[in-house]
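Residues in the sequence shown are numbered consecutively from 20, following the numbering used here.
Just so it is clear, CB atoms sit at the ideal spot from N, CA and C, and this is done for glycine as well.
Please read these numbers as outputs of a predicted model, since none were measured by experiment.
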Amino acid sequence: MSLVLVWSERFADHAPPAGHPERVERAAVMHTAVGRWRARGGGVLAPSRATPEDLLRIHSAAYLDQLERVAGHAAVLDADTFMSPASYEAAILAAGAVVTATDHVLSVRPLGGSAAAGGESAFALVRPPGHHALPDGGMGFCLLNNLAVAAAHALSEGVERVAIVDYDVHHGNGTQWSFYANPRVLFISLHQYPHYPGTGAAGECGVGDGEGFTVNVPLSAGATDGDYELVFDAIVEPVLDAFAPQLLMVDVGFDAHERDPLADMRVTAAGFGQLARRVRRAAARCSDGRLVMTIEGGYDLEALEASLGATIDALVESEEPSGEPSRADGGHEPTSVGTTAVALARAAQRRYWPGL
Numbered sequence: 020m021s022l023v024l025v026w027s028e029r030f031a032d033h034a035p036p037a038g039h040p041e042r043v044e045r046a047a048v049m050h051t052a053v054g055r056w057r058a059r060g061g062g063v064l065a066p067s068r069a070t071p072e073d074l075l076r077i078h079s080a081a082y083l084d085q086l087e088r089v090a091g092h093a094a095v096l097d098a099d100t101f102m103s104p105a106s107y108e109a110a111i112l113a114a115g116a117v118v119t120a121t122d123h124v125l126s127v128r129p130l131g132g133s134a135a136a137g138g139e140s141a142f143a144l145v146r147p148p149g150h151h152a153l154p155d156g157g158m159g160f161c162l163l164n165n166l167a168v169a170a171a172h173a174l175s176e177g178v179e180r181v182a183i184v185d186y187d188v189h190h191g192n193g194t195q196w197s198f199y200a201n202p203r204v205l206f207i208s209l210h211q212y213p214h215y216p217g218t219g220a221a222g223e224c225g226v227g228d229g230e231g232f233t234v235n236v237p238l239s240a241g242a243t244d245g246d247y248e249l250v251f252d253a254i255v256e257p258v259l260d261a262f263a264p265q266l267l268m269v270d271v272g273f274d275a276h277e278r279d280p281l282a283d284m285r286v287t288a289a290g291f292g293q294l295a296r297r298v299r300r301a302a303a304r305c306s307d308g309r310l311v312m313t314i315e316g317g318y319d320l321e322a323l324e325a326s327l328g329a330t331i332d333a334l335v336e337s338e339e340p341s342g343e344p345s346r347a348d349g350g351h352e353p354t355s356v357g358t359t360a361v362a363l364a365r366a367a368q369r370r371y372w373p374g375l
């Protein structure tokens, strides 16, 4: 699978107050990863700003007006979501970066084109993150819902079915509510539960025409690499195969890492590499190799660097490692956390996805 990164130095311009977990140093880690990728001969795209049309597919005009009014100033959106003078432009560019990634993948592997070997992936390394941003407000460090904006853009470009997999440790509530009644978008979330933002119970399955197209897999604290693999085996991959998306999109959060200060999970960098292999194989199998990824959380800088590097490596390696890399390298077998999560998700979802 071919890969391009989408990146701008301007993502470092978003500057929350000192001591905030979503700190500017995270951009330095991304910058280092981009430099290493360039040194390997990898392609890097500069993002375009999201357009008003892009943003209005997800966010209300009133909320966008509010953001524009405070552009160039410091502002507080909620108890943990802040804007510095340059945050507005960084957020518009972050949403645009995921749209840029989507346009690239759809141009290289157009709908209805011949099924050439391999696949095409684009990974937007952005901040501020996005998956908590609601249609009418920001929260949870997020100003605009970057991936939701890009998914809605893909639908407007003729993609009939988009699947979103979110494995940030926090439930992607903003993304869920953006598509909760939409049967063209499948949303699958693996997250610590109970935990911020308090949503993501297994029984949250969608409403109206979208009922059954939201799949929540709540994991208790302590989930390991093996637990995440078990969930992919038992829930994520069967549902993706049944839905048969034309585009697979992934919200990658590295805050399930065992070192992360904002969660209580035991995932390793090797485990994140294995999750990237899983989504790469899923894209090859069910979306003709079309894969768009973007970054959400991950607040320990050392863990972020290692996990991001493992993810990039896994997306482009020419051969699969032998054995079971996550379970062997990470040293973790599935635990009762994984088996319980699978049982809860199956109980909620089996009537919609009989293959479970």
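Asked, Found
"Nearest to residue 110 (by Cα), restricted to the options 220, 292, 86, 279", "86"
"Residue span of the beta strand (DSSP E) that contains residue 265, given as start and end", "Premise fails: residue 265 is in no beta strand (DSSP E) and is neither H nor E."
"Under 8 Å between C-beta atoms of residue 224 and residue 231", "yes"
"DSSP bridge partner residues for residue 153 (one or two, in chain order)", "156"
"Contained alpha helix (DSSP H) runs [length at least 4] in the region 30-77, N- to C-terminal order", "44-58, 71-75"
"Proximity below 8 Å, CB of residue 249 to CB of residue 357", "yes"
"Endpoints, beta strand (DSSP E) assigned at residue 209", "204-211"
"Segments of 4+ residues assigned as alpha helix (DSSP H) that fall wholly inside the region 85-172", "106-127"
"For residue 271: DSSP bridge partner residues", "314"
"Counted within 10 angstroms of its Cβ, other Cβ atoms place residue 88 as buried (16 or more) or exposed", "exposed"
"Straight-line Cα distance separating residue 354 from residue 246", "6 Å"
"Nearest candidate by alpha-carbon position, reference residue 322, set 153, 278, 368, 360", "278"
"Under the three-state DSSP convention, the category residue 243 falls into", "strand"
"The region 143-152 touching the region 305-317, judged by at least three CB pairs closer than 8 Å", "yes"
"Proximity below 8 Å, CB of residue 174 to CB of residue 78", "no"
"For residue 268 and residue 183, believed in contact at Cβ under 8 Å, the rounded distance", "5 Å"
"Cutoff 6 Å; reference residue 52; Cβ partners in own chain excluding five residues on either side", "327"
"Backbone secondary structure at residue 257 - three-state DSSP", "helix"
"Alpha-carbon to alpha-carbon, residue 291 and residue 349", "Residue placement at residue 349 is poorly supported in this model, since its pLDDT is 46, which falls under 50; the coordinates are not used for a value here."
"In DSSP terms, what residue 237 is bridged to", "210"
"Residues bridged to residue 24 [DSSP beta-bridge criterion]", "63, 142"
"Host alpha helix (DSSP H) of residue 181 (start-end)", "Segment 181-185 is the beta strand (DSSP E) holding residue 181; no alpha helix (DSSP H) there."
"Closest residue to residue 44 among 319, 59, 330 (Cα-Cα distance)", "319"
"Where residue 41 falls, given that 16 or more other Cβ within 10 Å makes a residue buried", "buried"
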